[in-house]
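Student: These protein sequence lines are chains U and L, in that order.
Each residue of the first sequence is one higher than the one before, counting from 32 in this note's numbering.
Each residue of the second sequence is one higher than the one before, counting from 3 in this note's numbering.
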Amino acid sequence: MKIVVDLNRCQGYAQCVFLAPGVFELHGEEALMYTPQPPGEQRERVLRAAVACPVQAILVEGRDAGPASGEEGRSGVR
Amino acid sequence: MSVDLRGGRIVVVGASLAGLRAAETLRDKGFEGRLTVVGEEHLPPYDRPPLSKQVLLGRVRAEETALPRRREVDAHWRLGVRATGLDGAAREVLLADGERLPFDRLLIATGTRARPWPNPAEAALDGVVTLRTVEDAAGLAERLAAGPRRVLVIGAGFTGSEIASACRERGLPVTVAERGPAPLVGALGGAFGAFAAGVQRAHGVDLRCGVTVTALDGRAGRLTGAVLSDGSRIEADVAVVALGAVRNTEWLADSGLAAGPRGVACDAGCRAFDMYGIVTDDVFVAGDVARFPHPLFEYQLLSLEHWGNAVAQAEVAAHNMVNPGPRRLPHLSVPAFWSSQFGLNIKSVGVPTFSDHVMVAQGSPQERRFVAVYGYRGRITAAVSVNRGKWLEHYQGLIETAAPFPPDWDGVEPPASRTPVPSDVPDPKVLSHGPTVALTGHLPDRRLVLRRWGG
Numbered sequence: 032m033k034i035v036v037d038l039n040r041c042q043g044y045a046q047c048v049f050l051a052p053g054v055f056e057l058h059g060e061e062a063l064m065y066t067p068q069p070p071g072e073q074r075e076r077v078l079r080a081a082v083a084c085p086v087q088a089i090l091v092e093g094r095d096a097g098p099a100s101g102e103e104g105r106s107g108v109r
Numbered sequence: 003m004s005v006d007l008r009g010g011r012i013v014v015v016g017a018s019l020a021g022l023r024a025a026e027t028l029r030d031k032g033f034e035g036r037l038t039v040v041g042e043e044h045l046p047p048y049d050r051p052p053l054s055k056q057v058l059l060g061r062v063r064a065e066e067t068a069l070p071r072r073r074e075v076d077a078h079w080r081l082g083v084r085a086t087g088l089d090g091a092a093r094e095v096l097l098a099d100g101e102r103l104p105f106d107r108l109l110i111a112t113g114t115r116a117r118p119w120p121n122p123a124e125a126a127l128d129g130v131v132t133l134r135t136v137e138d139a140a141g142l143a144e145r146l147a148a149g150p151r152r153v154l155v156i157g158a159g160f161t162g163s164e165i166a167s168a169c170r171e172r173g174l175p176v177t178v179a180e181r182g183p184a185p186l187v188g189a190l191g192g193a194f195g196a197f198a199a200g201v202q203r204a205h206g207v208d209l210r211c212g213v214t215v216t217a218l219d220g221r222a223g224r225l226t227g228a229v230l231s232d233g234s235r236i237e238a239d240v241a242v243v244a245l246g247a248v249r250n251t252e253w254l255a256d257s258g259l260a261a262g263p264r265g266v267a268c269d270a271g272c273r274a275f276d277m278y279g280i281v282t283d284d285v286f287v288a289g290d291v292a293r294f295p296h297p298l299f300e301y302q303l304l305s306l307e308h309w310g311n312a313v314a315q316a317e318v319a320a321h322n323m324v325n326p327g328p329r330r331l332p333h334l335s336v337p338a339f340w341s342s343q344f345g346l347n348i349k350s351v352g353v354p355t356f357s358d359h360v361m362v363a364q365g366s367p368q369e370r371r372f373v374a375v376y377g378y379r380g381r382i383t384a385a386v387s388v389n390r391g392k393w394l395e396h397y398q399g400l401i402e403t404a405a406p407f408p409p410d411w412d413g414v415e416p417p418a419s420r421t422p423v424p425s426d427v428p429d430p431k432v433l434s435h436g437p438t439v440a441l442t443g444h445l446p447d448r449r450l451v452l453r454r455w456g457g
């Protein structure tokens, strides 16, 4: 699976770090570091993280199949 | 959308972030015609920011950075072939393999490439590298993993600083040679640069400022070290040339468009200007290669090497390619970027180089948690946060409303001093090697008109 995080939008709430610790981690105090192509078995966790992100910064390819619409996960203008 | 704009042939030249997002948006907006995306690299669109961070730390393989698609894109992908020319009259893109691609509307999103080391013989030494592509990143990650005795980073812009950070995190000795007085000066000014220099030295970087590399030495085709302009010598197995980017506009030299080293000039709706300053209506520009007017910055033409700008401008360009005049949108988003280095999260909104003064508005540089606010002639034009990204949105609002500088808002974590100091940005008329934002407008020193009539 492929993901990208809009790090302009990310504010370091770290919800994704709690929900998918193998994919997202904080590097230092608030810099997010993530695995752009996490293994398939992480899919459920990644989708949960994408939905939980307070600023909706995580774009997951094919997320439409998940609980939230693709529109919400779009990388934004900021 | 009028029927004729929904059909026809659209060619996108450039298959990176801007090209991909534009292709998706074109289909989202109802384009039903033939869509062709041309890319010089063989790989499908991939994300570059991880290449100087996760990849160099060995946590992510360079090849595993492909960009997720927002949707299926029905397009003809011509990857691994370079565009070599544009025939505006015939409306054709010329490809390196000799093919001519006809179009009704064209999007130019050819981006930038790493500026090479100027001496070709030295650049060819094994161990002398640049960092821009997946291939570059894979090679550099491999070299760092091999445990070189010392890495020399030439240039302390964002890319050079992130590379130095990765080296230190891997425990590698690293020397950074920077022509300016401090790291990040080209993008954030001298006052912030002094802070950045302190951070680098605290992390064990052998930082040399105010020097240039005058020669790279090798033995049997392998790099052995470098000579600096102050006469000193560095022994190094790897030298990363991080001297900024060159805009990929050479292929447009005979196109009649306003294209040059500073990018392709376009209007607020992403339509390219021709060399006479007349706006075209069938050629659009987006991403790093574009220079566009921004009302928050006195309508100077901005070139932004920003991830967020590539996305936002591609969306506006694509929208305007399939909509008639009255429905077109301007590209007005406030510039923004991020960098992570030495454990710090640095985020910026606005244009820090468009400033005369800067002050710490919240937090403490000593504690490495603060927001610096930039002002130009009494209004706020930019803000940069260090490990305080949550505060930045407030300042974006101040920038958008041209709030007075210095700000009178008394937020949490008030700084020790509210005295503005000169932001000390390099003269924008000089093409600096390292800024991720270039103010390219006006060029008052070039009172030059070129006329070239048909034929």
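Here a beta-carbon is modelled for each residue, glycine too, at the ideal position from N, C-alpha and C.
On a predicted model such as this, the values are computed, not experimentally measured, just so you know.
Expressed to the nearest angstrom, what Euclidean distance is found between the alpha-carbon atoms of L/Thr131 and L/Thr403?
Tutor: Contrary to the premise, residue 131 of chain L reads as Val rather than Thr in this sequence. Rounded to the nearest angstrom, the two C-alpha atoms are 43 Å apart.
Student: What separation, rounded to the nearest whole angstrom, lies between the Cα atoms of L/Leu306 and L/Asp76?
Tutor: Cα to Cα, L/Leu306 sits roughly 29 Å from L/Asp76.
Student: Can you tell me whether L/Thr177 is buried or exposed? The criterion is at least 16 other CB atoms within 10 Å of its CB, across all chains shown.
Tutor: Burial call: buried.
Student: Ignore the nearest five residues each way along the sequence and tell me which others in L/Gly192's own chain have a CB closer than 7 Å to its CB.
Tutor: Closer than 7 Å at the Cβ level, and outside the excluded window around L/Gly192, lie Pro183, Ala184, Asp426.
Student: If you reduce the DSSP assignment to three classes, tell me which class L/Ser167 lands in.
Tutor: In this structure, L/Ser167 counts as helix in the three-state DSSP scheme.
Student: Taking the alpha-carbon positions, what's the L/Leu331 to L/Thr383 distance?
Tutor: So the alpha carbons of these two residues sit roughly 23 Å apart.
Student: Below 8 Å, can you find three or more Cβ-Cβ pairs linking the segment 358-370 of chain L to the segment 266-275 of chain L?
Tutor: No, because fewer than three Cβ pairs between the segment 358-370 of chain L and the segment 266-275 of chain L fall closer than 8 Å, the two stretches do not touch.
Student: Which residues in chain U sit within 7 Å of L/Gln56, going by Cβ to Cβ distance?
Tutor: Going along chain U in sequence order, the residues near L/Gln56 (Cβ under 7 Å) are Met64.
Student: Looking at the C-beta of L/Val62, does it have a partner C-beta in chain U at a distance below 8 Å?
Tutor: Yes - at least one Cβ of chain U is within 8 Å of the one on L/Val62.
Student: Drop a sphere of 10 angstroms on the beta-carbon of L/His44, count the other beta-carbons inside from all chains shown, and report buried for 16 or more, exposed for fewer.
Tutor: L/His44 is exposed by the Cβ-count criterion.
Student: Name the chain U residues that come within less than 8 Å of L/Phe339, Cβ to Cβ?
Tutor: Residues of chain U passing the Cβ test: Asn39.
Student: Go through its chain and collect everything with a Cβ distance to L/Lys31's Cβ below 8 Å, but skip five positions before and after it.
Tutor: Here the set comprises Met3, Ala320, His321, Val324, Asn325.
Student: Using a Cβ-Cβ distance cut-off of 8 Å, determine whether U/Val35 contacts chain L.
Tutor: At least one chain L Cβ lies under 8 Å of U/Val35.
Student: Helix, strand or coil: which one does DSSP assign to L/Trp79?
Tutor: If DSSP states are grouped into helix, strand and coil, L/Trp79 belongs with the strands.
Student: Give a yes or no on contact between the segment 37-46 of chain U and the segment 383-398 of chain L, applying the rule of three or more CB pairs nearer than 8 Å.
Tutor: The answer is yes - the segment 383-398 of chain L touches the segment 37-46 of chain U, with three or more Cβ pairs under 8 Å.
Student: If you follow the alpha helix (DSSP H) that L/His321 is part of, which residue opens it and which one closes it?
Tutor: Residues 309-323.
Student: Residues of the segment 12-31 of chain L with a CB closer than 7 Å to any CB of chain U: list them in chain order, please.
Tutor: Within the segment 12-31 of chain L, no residue qualifies.
Student: Check whether the segment 125-141 of chain L and the segment 198-217 of chain L are in contact - that is, three or more C-beta pairs closer than 8 Å.
Tutor: The segment 125-141 of chain L, when compared against the segment 198-217 of chain L, does not touch it at the 8 Å Cβ threshold.
Student: Below 7 Å on C-beta distance, what does U/Pro67 contact in chain L?
Tutor: What U/Pro67 touches in chain L: Asp49, Pro52, Val62, Glu66, Thr67.
Student: Would you list, in chain order, the members of the segment 67-87 of chain L that have their beta-carbon closer than 8 Å to a beta-carbon of chain U?
Tutor: If the cut-off is 8 Å between Cβ atoms, the segment 67-87 of chain L has Thr67, Ala68, Leu69, Pro70, Arg71, Arg72, Arg73 near chain U.
Student: Taking L/Arg11 and L/Arg36 to be in contact with their CB atoms under 8 Å, please state how far apart those CB atoms are, rounded to whole angstroms.
Tutor: That belief holds up - the Cβ atoms of L/Arg11 and L/Arg36 are roughly 5 Å apart, short of 8 Å.
Student: If you follow the alpha helix (DSSP H) that L/Glu137 is part of, which residue opens it and which one closes it?
Tutor: First-last of the alpha helix (DSSP H) with L/Glu137: 136-147.
Student: My output table needs one value for L/Arg181: the three-state DSSP class, helix, strand or coil.
Tutor: L/Arg181 falls in the coil class under three-state DSSP.
Student: Is there a Cβ from chain U that is less than 8 Å from the Cβ of L/Ser305?
Tutor: By this cut-off, L/Ser305 is not an interface position.
Student: Mark L/Gly162 as exposed unless 16 or more other C-beta atoms lie within 10 angstroms of its C-beta, in which case mark it buried.
Tutor: L/Gly162 should be labelled buried.
Student: Would you tell me roughly how many angstroms separate the C-alpha atoms of L/Pro175 and L/Gly195, rounded to the nearest one?
Tutor: For L/Pro175 and L/Gly195, the distance between alpha carbons rounds to 22 Å.
Student: What are the residues that DSSP puts in a beta bridge with L/Ala68?
Tutor: Note: L/Ala68 sits in a beta bridge opposite L/Tyr48.
Student: What does the alpha-carbon distance come out to for the pair L/Asp99 and L/Gly279?
Tutor: Cα to Cα, the separation comes out at about 32 Å.
Student: Output needed for L/Leu230: all residues of its chain with C-beta closer than 8 Å, excluding positions within five of it in sequence on either side, in chain order.
Tutor: Ala179, Arg210, Val213, Thr214, Val215, Thr216, Ile236, listed in sequence order.
Student: Count the other CB atoms, across all protein chains shown, that sit within 10 Å of the CB of L/Glu164; report buried if there are 16 or more and exposed otherwise.
Tutor: The residue is buried, with at least 16 neighbouring Cβ atoms inside 10 Å.
Student: Report the option in L/Pro47, L/His308, L/Val360, L/Ser387 whose CA atom is closest to the CA atom of L/Arg379.
Tutor: That would be L/Val360, whose Cα lies nearest to the Cα of L/Arg379.
Student: Looking only at C-alpha atoms, which of L/Val291, L/Asp232, L/Asn121 sits nearest to L/Ala247?
Tutor: The shortest Cα separation from L/Ala247 among L/Val291, L/Asp232, L/Asn121 belongs to L/Val291.
Student: Just how far apart, CA to CA, sit L/Gly233 and L/Arg115?
Tutor: Cα-Cα distance, rounded: 30 Å.
Student: Using 10 angstroms around the beta-carbon of L/Trp253, count the other beta-carbons present and answer buried if the total reaches 16, otherwise exposed.
Tutor: Looking at its Cβ environment, which holds 16 or more other Cβ atoms inside 10 Å, L/Trp253 is buried.
Student: Given a threshold of 16 other Cβ atoms within 10 Å of its Cβ, counted over all protein chains shown, does L/Glu137 qualify as buried or as exposed?
Tutor: With fewer than 16 Cβ atoms within 10 Å of its Cβ, L/Glu137 is classed as exposed.
Student: Do you know offhand how far L/Ala166's Cα is from L/Asn121's?
Tutor: So the two alpha carbons sit approximately 23 Å from each other.
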